[in-house]
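Residue numbers (UniProt numbering): 1 to 250.
First comes the structure, then the notes that go with it.
Okay, here's the thing in structure tokens:
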């Protein structure tokens, strides 16, 4: 990370040099232990680092789905910044947010950032809670539940999911740019977006996921307006032709 005026660009190509069945075990602060094989950075000539750069450690995790194996992935980890890239929960239940927030809140990271994924419908506060919006009528668990008290027991109320994460030190990011002054002296600029393309019925006639929060139709697309000077882009879906393997299959 560098001063705000500096532009860092890193071109990466991920490549596994081990068989996918050979899985390293996470230990200590070795964040790379979560990846299968070696993920190599190429095109170093395109990496520009200012003379005043500050080494910054990131712990990045995604698709926790309120799994009880989160402890396995995070035990003993520390970083300057923790980033949770969506699908915090499986059903968007309020108790799931509390659980994930509590577990990841124990990670030693002064700054914790999170974006929603397509499973985190109740964080879509402009639509999930609008009784006139039918977008979430078929949401699993919620479908067919009409009793207001029962809905509140399952999902809480508008804003409760966000508050549950904030209670454990997370900042829930909306789509757009944010700049943070880190405790280690670095300045970090990120672009965040929870939006992913909907698969519809899926490939070869297979059904897509019934969890479709923050999704857009591929026929309409979505415009991601990303400044050129961002340090990190945080999205729920990976970039095109990039799909790293993780140690813990949530």
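The beta-carbon is built from N, C-alpha and C at its ideal position, and this holds for glycine as well.
In this structure, what does DSSP give as the bridge partners for residue 188? 180
Hey, quick one: how far does the alpha helix (DSSP H) through residue 163 stretch, first residue to last? 160-166
Specify the secondary structure class of residue 216 as computed by DSSP and reduced to three states. strand
Where do the N-terminal and C-terminal ends of the beta strand (DSSP E) with residue 173 fall, by residue? It is not in any beta strand (DSSP E) - residue 173 carries neither H nor E in the DSSP assignment.
Please list, in chain order, all residues of the same chain as residue 165 whose beta carbon is under 7 Å from its beta carbon, the five residues on each side excluded. 97, 101, 114 and 172
Could you give the first and the last residue of the continuous beta strand (DSSP E) run that contains residue 155? First-last for residue 155: 148-155, but that is the alpha helix (DSSP H), not the beta strand (DSSP E).
Just the Cα atoms here: how many angstroms apart are residue 118 and residue 130? 18 Å
Between the C-alpha atoms of residue 140 and residue 193, what's the straight-line distance to the nearest angstrom? 24 Å
Delimiting residues of the alpha helix (DSSP H) encompassing residue 143: Segment: none, residue 143 is in no alpha helix (DSSP H) and carries neither H nor E.
Quick check on residue 103: does DSSP put it in helix, strand or coil? helix
With residue 232 as the anchor, note down where its beta strand (DSSP E) starts and where it stops. 232-235
C-beta contact flag for residue 227 and residue 188 at 7 Å: no
For residue 90 and residue 53, what's the separation of their Cα atoms in angstroms? 39 Å
Cutting at 6 Å between CB atoms, please list the residues of its own chain near residue 66, excluding the five before and the five after it. 89, 90, 96, 99 and 100
Quick check on the DSSP output: the beta strand (DSSP E) that includes residue 60 runs from which residue to which? 58-61
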